[in-house]
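Below: one structure, written as structure tokens.
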Amino acid sequence: MSSEAQPINPARFAEALKDLPAESLALKVLELRNSIAHLDYSNAELKPYAEGRAPTLDQQGETAQPDQDCVDAIAENEAVIARMQERIELIRSEVEGRGLSWREFQGKPDDEEASAATNNNNAVAENLPNGVNGHEPSGEAPHPAWRDGTFQTGTISQLGDEERELLRQLQSRMPPEDDEDPEGGMHL
């Protein structure tokens with residue numbers, strides 16, 4: 079972390095939230111959760127090196143030793159995660175103070191149909207590989223960040239009716255593929 083740029087203190091953060099519209103608060107929650115998922119994933123990747131279960135590049139051919147840089151990085155990530163979770167709680171207090179429902183900010187669908195659709199998508203996503211070229215790396219279970227919807231994979235066939243209509247409209251505005259430039263160039 080830069081010694082010049084320090085994170086905003088919780089009191090100033092809470093004060094800044096008062097001027098933001100609810101939509102911005104919701105986006106901030108999503109941003110914080112996404113950052114936490116990335117940090118959790120990073121920690122999971124660093125853990126074998128921090129524990130000495132995997133050799134670092136400079137330890138190739140030797141017995142693996144705990145890497146202090148990885149230990150320090152995990153500790154710093156954990157501190158950042160704790161600050162981010164504290165900020166989510168501050169946003170929750172602001173949301174509830176405005177008389178709004180925190181449930182809407184948690185990204186949970188209100189009706190059972192949307193919930194069932196989400197569960198079906200999650201079941202499909204849990205069966206997708208999480209490795210290079212579609213192969214599961216070394217038989218390990220994928221990190222939870224790949225299953226919670228933060229990192230998403232999928233195909234266009236998973237679109238809903240509104241998304242398909244939007245895609246159809248966009249495709250109708252695109253020139254057909256056989257109208258390509260004979261020289262293979264692209265013109266903007």
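In terms of the numbering used here, the sequence shown opens at residue 79 and continues consecutively.
Where a beta carbon is used, it is the ideal one built from N, C-alpha and C, also for glycine.
For glutamine 84, the closest alpha carbon among the candidates Gln143, Pro133, Ile152 and Val158 is that of Val158. Residue Asp150 holds the alpha-carbon nearest to the alpha-carbon of leucine 124 among Ile86, Ala92, Arg165 and Asp150. A direct Cα-Cα distance of roughly 19 angstroms separates isoleucine 86 from asparagine 112.
Around the C-beta of aspartate 136, fewer than 16 other C-beta atoms lie within 10 Å, and the residue is accordingly described as exposed. With a cut-off of 8 angstroms on Cβ pairs, the stretch 93–112 is not in contact with the stretch 141–155, counting fewer than three such pairs. Under the three-state reduction of DSSP, glycine 130 is assigned to coil, being neither helix nor strand. Between the alpha carbons of alanine 122 and glutamine 143 lies a gap of roughly 17 angstroms. A direct Cα-to-Cα measurement between glutamate 164 and methionine 252 gives close to 46 angstroms.
Between alanine 100 and leucine 168, the CB-CB gap reaches or exceeds 8 angstroms.
The Cβ atoms of methionine 162 and leucine 95 do not sit closer than 8 angstroms to each other. Annotation: the stretch 118–185 contains no complete segment of the beta strand (DSSP E) (minimum length 3 residues). Taking a C-beta distance under 8 angstroms as the contact criterion, glutamate 174 and tryptophan 180 qualify as a contact pair.
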